[in-house]
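Down below is the structure, laid out as structure tokens.
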Ligand SMILES: [Fe+2]
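Structure representation (structure tokens):
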């Protein structure tokens with residue numbers, strides 16, 4: 038069977054507040070690298086099973102590639118969520134009338150507490166991501182720290198708001214110690230309608246499973 042080949046998506050982002058076009062261009066290139074590596078690893082792994090089994094002497098090389106697959110795949114997918122929840126002309130915090138705002142209130146008591154928790158995750162030391170997920174079965178939001186790209190993702194949960202806090206996401210605009218400034222800039226550019234759309238999709242999945 039032919040392998041599926043992923044294509045890098047295009048994100049018409051420029052002119053964001055506090056995140057320069059130079060940063061975005063470099064970041065798109067990094068993202069394209071994850072797409073390329075995902076395709077390459079998938080193709081290499083397919084070679085191992087061409088004869089119908091993974092031979093014992095192939096196990097070390099096979100295992101190494103399989104372990105890297107989770108890193109590359111999540112690197113690709115999380116960047117698509119991240120770029121997909123940014124837009125030019127953002128208005129800052131989620132509107133009171135938005136689906137996201139209501140979900141944050143229901144899950145955290147109020148939006149400010151949700152935000153304090155999400156920003157707290159974003160400021161954690163280390164290399165990774167802050168992600169607000171929805172549990173499709175309960176509708177509740179929870180914020181999670183993801184180390185690298187693959188450690189800490191919750192299986193079956195819907196990523197609703199995804200923030201890259203690897204230093205490459207802001208190092209051309211801020212120093213490493215200025216990550217809080219980058220987080221402020223991120224909030225200024227959030228595409229909340231994308232988050233609301235993800236919540237609708239997640240809600241539909243939850244109802245289908247019930
Ligand atoms: Fe990134």
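In the numbering used here, the protein residues as written are 38 to 247.
Here a beta-carbon is modelled for each residue, glycine too, at the ideal position from N, C-alpha and C.
Beta carbon of residue i nearer than 8 Å to that of residue j
| i | j | result |
| --- | --- | --- |
| residue 138 | residue 68 | no |
| residue 151 | residue 202 | no |
| residue 243 | residue 184 | no |
| residue 148 | residue 112 | no |
| residue 163 | residue 231 | no |
| residue 76 | residue 42 | yes |
| residue 85 | residue 95 | yes |
| residue 127 | residue 227 | yes |
| residue 153 | residue 229 | no |
Residues that residue i bridges to, as DSSP identifies them
| i | result |
| --- | --- |
| residue 196 | 170 |
| residue 227 | 123 |
| residue 165 | 184 |
| residue 201 | 166 |
Euclidean distance between Cα positions of residue i and residue j
| i | j | result |
| --- | --- | --- |
| residue 136 | residue 238 | 12 Å |
| residue 190 | residue 240 | 19 Å |
| residue 205 | residue 119 | 13 Å |
| residue 101 | residue 170 | 29 Å |
| residue 61 | residue 93 | 44 Å |
| residue 54 | residue 129 | 10 Å |
Query raised in the report: At a cut of 8 Å, does the stretch 105–115 reach the stretch 143–160 through at least three beta carbon pairs?
Result: no
Report task. May I ask you to verify whether the stretch 152–166 touches the stretch 214–223, counting CB pairs closer than 8 Å and requiring at least 3? Result -> yes
Report task. Spell out a yes or no on whether the stretch 45–54 and the stretch 86–94 are touching, meaning 3 or more CB-CB pairs, one atom from each, closer than 8 Å. Result -> no
Query raised in the report: Unbroken alpha helix (DSSP H) runs of length 4 or more, entirely within the stretch 112–158: which are they?
Result: 136–145
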